[in-house]
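Read left to right, the sequence shown gives residues 1 to 428 (full-length UniProt numbering). Since the structure comes first, as structure tokens, the remarks are kept for the end.
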Amino acid sequence: MARAELSRRGSGRALGAAGLGAVLGGAAGGATARADERTWRTTGTAVSALRGFDDAMRTFMRERGITAGQLAVTWRGRLVLARGYSWSTGPGLDVQPTSLFRIVSVSKPVTAAALVRLVQDGELDLSAPITSVLDLAPPPEGTAGPRLPEVTLRRLLRHTGGWDRDASGDVMFADASIARALGTSLPVERPDIMSYATGRRLDHAPGTTYAYSNYGYLLAGRAIEQASGKSYADHVQEAVRGPVGITRTRLGRMAEEHRAATEVPYVSRYTGTTVLDSSGATVAAPYGRWNLENMDAHGGWLASAVDLVRFATIFDGSGTGVLDATSVARTFAEPETVINGNGSYHGLGWSVRATSGGTGRNTWHTGSLDGTYTIRVRTYHEMSWAALFNQRDDASGLSYPSIDGALWTAAGEVTSWPDRDESPQHLG
């Protein structure tokens, strides 16, 4: 499509993610490799009409010393590009279009879709207080926050439940504090986090303030389990991913020795004290500074870029049978409050911005944690892309959210979109 038609973008140039650094090594804590010691490799089918996407990924990764990346692009429901990229020393790092990456907060639209499907099936009500779905008990001798009954499922998914990590910290990264407060040892588990958080007061009246909340999505995951009678992962697979042919995704593990067979390694120049046990050991940040197993519903999934763009098709009216038109409308409806000055807002699991011409909307989500940066974008004219990287910062100081603009530019350079669909080759 011509560049003029693509100029009404707005998936968000400032997609925002706090960053910690990553080195130019090939694994967590590895020694820095010089650019002239590296080899650039690509996998998947090259498409000459879409070469701008390859060029954008190559430039982005080389400037930041990123060793592993992945990109998938769909056009009107067809998978037209699926690529793996590596820039590393030696022959060991083989990134395929189907390799698995941690997708961190790009997990949130999946959780929202799974919960909305339960609403569609009559098993949940978005207006229901979370306290009517879950038995949230504070620590012994503690008192539950008085405003918890005002936190509805809809407010959880829109980040308006009242928890504000900028005001009081993010309980999903407070493992050591929670263990001390509860008099238990590490690792803490989800019930410990829920008990600790239930005994704290909310930072805002529910429904009045947008404040990004990982904890709210932890609760959404537990509501899914309560209503479905299944584990969170099983419900997601059966109700959301399975119907569109996604089978390789799985919940990730934190410790390096539990890395999945096709999962990439993660790179960080940072270390921290492990929260996976009480040893006090210093570990590479992506492998123990936080606990991925507790983050299933807000950041725990492993997936490929192909899986992410395939998931996006359930919102495109293509007859996937996962979400009906009412559920899609609910997902992208404007919130009761908090629309940004640029017209964007947070729907149910997605950031949303209507296009200036009123012809549709762009929706997106990003993810950022030690060793990972991810982005998934859906456009107003049925194009989607997902880009995944195995680090999120580096000594260059260059932006990671800028990949959004680079990929919009690449899309604007396409004059003719391929007719073929690579989905059968890469799904499974």
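The beta carbon of each residue, even a glycine, is placed where N, CA and C say it ideally should be.
Can you list, in chain order, the residues of its chain with a C-beta nearer than 6 Å to that of residue i? Leave out the 5 residues immediately preceding and following it.
i, result
"residue 378", "312, 363, 384"
"residue 347", "331, 332"
"residue 188", "175, 178, 179"
"residue 281", "274"
"residue 119", "126"
Please report the straight-line C-alpha distance between residue i and residue j, rounded to a whole angstrom.
i, j, result
"residue 284", "residue 122", "45 Å"
"residue 265", "residue 390", "7 Å"
"residue 415", "residue 49", "7 Å"
"residue 130", "residue 405", "38 Å"
"residue 97", "residue 354", "31 Å"
"residue 27", "residue 85", "Note on residue 27: pLDDT 43, under 50, position unreliable in the model; the coordinate value appears next. When rounded, the distance between both Cα atoms is 15 Å."
"residue 421", "residue 342", "35 Å"
"residue 376", "residue 69", "14 Å"
"residue 267", "residue 107", "20 Å"
"residue 403", "residue 392", "12 Å"
"residue 67", "residue 345", "33 Å"
"residue 244", "residue 321", "9 Å"
"residue 116", "residue 327", "7 Å"
"residue 306", "residue 147", "41 Å"
"residue 277", "residue 186", "5 Å"
"residue 133", "residue 78", "39 Å"
Under the assumption that residue i contacts residue j (Cβ atoms under 8 Å), give the Cβ distance between them as a whole number of angstroms.
i, j, result
"residue 224", "residue 114", "5 Å"
"residue 300", "residue 308", "In fact, because the Cβ distance is near 15 Å, the residues do not count as touching under 8 Å."
"residue 124", "residue 227", "5 Å"
"residue 46", "residue 55", "Not a contact, Cβ separation roughly 11 Å."
"residue 168", "residue 192", "Between residue 192 and residue 168 the Cβ distance is about 17 Å, and since that is not below 8 Å, they are no contact."
"residue 170", "residue 270", "Actually they are not in contact, since the Cβ atoms of residue 170 and residue 270 sit about 17 Å apart, beyond 8 Å."
"residue 135", "residue 211", "That belief does not hold up - the Cβ atoms of residue 135 and residue 211 are roughly 25 Å apart, past 8 Å."
Grab me the residues of residue i's own chain with a C-beta within less than 7 Å of its C-beta, minus the 5 sequence neighbours each way, in chain order.
i, result
"residue 76", "382"
"residue 336", "207"
"residue 64", "394, 396, 398"
"residue 37", "89"
"residue 249", "241, 301, 302, 303, 307"
"residue 334", "345"
Using a 10 Å radius around the Cβ and a threshold of 16 neighbouring Cβ atoms, would you call residue i buried or exposed?
i, result
"residue 22", "Its pLDDT being 30, under 50, residue 22 is placed unreliably in this model, and the coordinates cannot settle the point."
"residue 40", "exposed"
"residue 247", "exposed"
"residue 426", "buried"
"residue 83", "buried"
"residue 340", "exposed"
"residue 154", "buried"
"residue 222", "buried"
"residue 279", "exposed"
For the ligand HEM, I want to know if residue i counts as a neighbour, meaning its beta carbon is within less than 7 Å of at least one of the ligand's heavy atoms.
i, result
"residue 345", "You won't find the ligand HEM in this model; it holds no ligand whatsoever."
Note down, in chain order, each residue of its chain lying with its Cβ closer than 8 Å to the Cβ of residue i, except the 5 sequence neighbours on either side.
i, result
"residue 110", "236, 240, 241, 301, 311, 349"
"residue 365", "105, 106, 108, 109, 349, 350, 351, 375, 376"
"residue 253", "259, 260, 292, 293"
"residue 400", "17, 19, 64, 368, 373, 389, 392, 393"
task = With a floor of 4 residues, list each alpha helix (DSSP H) that falls wholly inside the stretch 251-327, ordered by position along the chain.
result = 296-299, 305-312
key: Length-filtered (4 minimum) alpha helix (DSSP H) runs lying within the stretch 192-262   = 214-228, 232-236
task = Run through the stretch 347-383 for me and flag every whole alpha helix (DSSP H) of 4 or more residues, listed as ranges in chain order.
result = none
message = Please give me, in chain order, every unbroken run of the alpha helix (DSSP H) with length at least 4 that falls completely inside the stretch 378-412.
response = 403-412
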